[in-house]
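Residue numbers (the numbering used here), protein chains in the order written: chain A, 1 to 350; chain B, 1 to 429.
Yeah, the Cβ is synthetic: ideal placement off N, Cα and C, and Gly gets one too.
Here's the structure we're looking at; comments come further down.
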């Protein structure tokens with residue numbers, strides 16, 4: 001009897017692992033013409049994080065349509081999965097592996113060293129110098145600068161808020177740009193709008209500690225509202241959806257999404273989404289796949305997404321596009337050339 | 001002969017007295033240290049004339065209370081004064097059986113001093129802090145009660161996390177499909193019960209190691225919900241399966257109008273009230289009814305219970321299924337009570353922390369709720385400390401309750417008492 005049970009338990013374990021790991025892995029490649037394979041490894045946020053994993057996947061899907069490449073992904077449930085997933089794809093013969101996020105940097109660097117012929121295009125990491133890694137960075141501070149300016153112009157309480165999932169250089173830039181935007185508005189209009197949850201001098205702020213717990217996002221949303229903030233920019237992937245829920249429950253406050261357009265992703269809560277600071281990872285992913293297809297892939301120096309090349313932008317929420325005063329919109333539009341030329345600083349000088 | 005035994009007993013009791021004396025003095029020194037810390041670190045950092053402003057209304061609250069404004073330095077000195085008086089009394093006389101109560105008072109005063117210092121010259125929302133504490137305690141307490149139900153019957157349940165996650169998923173889908181929160185809630189509870197049944201089936205009928213069985217359920221739940229979530233309900237074409245809505249906030253008539261207390265305790269969605277209800281119900285059922293006595297006897301000494309005619313296995317099945325249903329109810333909090341949707345691994349380890357709350361609370365519903373509230377308080381406090389830009393990393397404040405758990409578990413303050421027969425499959429002879 002107990003033997004039967006241990007077999008059953010083993011099957012359960014295996015089944016759950018298979019289910020967790022190999023989601024869209026299509027049945028073994030047919031002997032037909034070998035397609036170019038592009039393979040994405042997510043961080044713990046998962047493919048559906050409505051954030052950079054999802055946006056990267058969008059770029060993969062666009063490449064699938066336009067170039068007829070085969071696209072696969074593996075989700076990482078925990079830190080120890082990064083290395084395993086990367087190696088799985090190396091063995092599966094992927095032409096390009098797309099690890100998503102800073103958290104995968106070390107694992108990617110190691111995998112690139114052991115497999116010098118394997119091409120990688122890593123999202124949000126710009127400091128890996130290996131010739132087979134194409135890094136990427138976004139001047140997201142340019143996008144959130146505009147968002148901060150908008151928030152400062154729209155707040156009624158004179159307090160705007162923000163928080164971050166886990167603090168590292170790529171996420172710091174979001175809040176830096178946001179706070180700089182608010183400071184710019186204060187400078188232009190002589191106001192004293194305050195930013196809660198981020199301090200540019202100390203580079204410290206309100207931190208969730210994960211990218212998963214919507215309940216944490218709800219609690220931080222309540223805290224920020226309680227302290228008087230009425231516009232909140234969560235930089236924490238799906239955690240921000242918890243904040244969105246509390247805004248809807250209390251019927252007050254507005255949210256600024258990041259990475260993709262939140263009013264499109266959450267149409268039922270569009271009333272509470274003022275705008276989104278876009279980070280078009282899909283442009284990077286799409287173009288690196290294109291480079292592999294054309295045989296022009298070159299690693300080493302990172303690919304930059306900026307306001308200038310459309311890699312970042314401010315997009316108004318679907319319900320708010322008409323409610324933002326035209327003068328404020330014009331002011332924001334007027335900031336863009338200055339930001340592109342570098343005349344207006346979007347990061348604090350350190 | 002008898003004289004030597006008497007002497008031995010005398011020696012022994014003298015040893016105990018010595019130990020008690022040392023404990024008394026250590027505790028007193030701890031109180032004094034708190035006072036000195038407030039004087040040296042907090043009070044010297046505050047300029048005279050600076051004021052602390054506590055807001056007493058959380059946003060979205062239902063009652064009005066004026067802000068509480070007071071001179072920071074004066075209050076800090078007062079707190080330090082009270083603490084040193086308590087410390088001196090403790091060293092000289094001792095509070096005897098009230099020592100732990102006084103310790104709690106000292107801790108509260110110390111935290112109040114911390115907040116006074118952190119807020120000096122600024123403002124913070126005290127009511128909001130406490131309100132978030134109550135909300136954050138809900139999933140922990142419900143998880144802990146699931147653990148209590150199982151473990152009082154002798155079955156270790158570390159699958160609470162997986163049960164909660166599954167039920168969060170199931171409730172989201174059912175509530176969206178039938179456009180009814182109640183249907184979602186029931187589906188979640190049933191899903192939890194079924195998970196409990198599987199756990200019971202593995203660990204009672206087949207005597208699988210209960211830790212292994214629980215781990216398998218956790219891994220399975222993470223895998224299956226993540227798969228179904230990313231494959232279906234997160235896709236735009238299935239978006240309608242991920243819009244369950246949320247239980248509305250209930251303002252208890254009259255009570256929610258009490259200033260300060262009202263919005264903290266009586267203005268919540270139904271999960272907070274359910275938590276209080278279940279804590280009272282479970283305490284009564286466990287300790288005042290025949291049902292509870294039988295359940296506990298099975299967890300403590302199944303053989304004795306069996307000899308007295310209690311059906312051990314049936315009792316254990318009932319315990320795990322009820323425990324699963326409780327975890328299921330707790331799981332629906334994440335989807336129907338907190339965020340109004342499902343996302344992968346959204347329970348984020350709360351079930352495990354619920355288990356810690358159960359142990360901290362000594363396998364008692366009231367104690368577990370206390371532990372849940374404590375964990376919730378420090379969660380809430382660390383966010384406030386971040387917002388106030390306290391020069392202590394907020395991670396340290398976040399760590400505080402778990403540090404306390406370790407201290408409690410290490411037996412410094414008082415050893416917990418797990419049910420004696422926990423984790424051992426019962427075999428009828």
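Within-7 Å CB hit, residue 282/A to chain B: no
Per DSSP, cross-strand counterpart(s) of residue 37/A: 70/A
Burial state of residue 40/B, where buried means 16 or more other Cβ atoms lie within 10 Å: exposed
Distance, residue 362/B Cα to residue 289/B Cα: 20 Å
Cβ-based neighbour list, residue 426/B, same chain, cut-off 6 Å, excluding 5 preceding and 5 following: 302 and 312
Listed by chain order, chain A residues near residue 132/B by CB distance under 7 Å: 219, 222 and 223
6 Å CB neighbourhood of residue 171/A in its chain, flanking five on each side removed: 164 and 235
Residues near residue 79/B in its chain [Cβ-Cβ closer than 7 Å; skip 5 each side]: 38, 109, 112 and 113
Simplified DSSP state of residue 49/A, which is helix, strand or coil: coil
Segment limits, alpha helix (DSSP H) that includes residue 291/B: 290–300
Residue-chain proximity (residue 387/B, chain A), Cβ-Cβ < 7 Å: yes
Completely contained alpha helix (DSSP H) runs for the segment 156–222 of chain A, where each covers 4 or more residues: 169–189
Simplified DSSP assignment, three categories, for residue 136/A: strand
CB contact below 7 Å: residue 138/B versus chain A: no
Residue 354/B - containing alpha helix (DSSP H), residue span: 350–360
heavy atom of the ligand GDP below 6 Å from residue 194/B C-beta: Here there are no bound small molecules, and the ligand GDP is not part of this structure.
Contact list for the segment 22–43 of chain B against chain A, Cβ threshold 8 Å: none
Coarse secondary structure for residue 31/A, derived from DSSP in three states: Here the model assigns residue 31/A a pLDDT of 48, short of 50, so the residue's position is not dependable, and the following value carries that caveat. Coil.
Residues of the segment 315–345 of chain B with Cβ closer than 7 Å to any Cβ of chain A, in chain order: 334, 338, 339, 340, 341, 343, 344 and 345
Residue interval of the alpha helix (DSSP H) (run including residue 393/B): No alpha helix (DSSP H) contains residue 393/B, which DSSP labels as neither H nor E.
Inter-residue Cα distance where the pair is residue 257/A and residue 421/B: 52 Å
Minimum Cβ-Cβ distance from residue 313/A to chain B less than 7 Å: no
Residues of its chain near residue 394/B, where Cβ-Cβ distance is below 8 Å and the 5 sequence neighbours each way are ignored: 382, 383, 385 and 386
Nonlocal neighbours in the same chain, by C-beta distance under 6 Å from residue 209/B, ignoring five residues either side: none
Residue 312/A - containing beta strand (DSSP E), residue span: 312–316
Three-state secondary structure assigned by DSSP to residue 349/A: coil
Contact set for residue 194/A: own chain, Cβ-Cβ below 7 Å, skip 5 residues either direction: 158 and 159
CB contact below 7 Å: residue 46/A versus chain B: yes
For residue 391/B and residue 330/A, the rounded distance between their alpha carbons: 40 Å
Residues near residue 128/A in its chain [Cβ-Cβ closer than 6 Å; skip 5 each side]: 109 and 135
Neighbouring residues, chain B, relative to residue 197/A (Cβ below 8 Å): 386 and 387
Beta carbon proximity, residue 125/B to chain A, threshold 7 Å: yes
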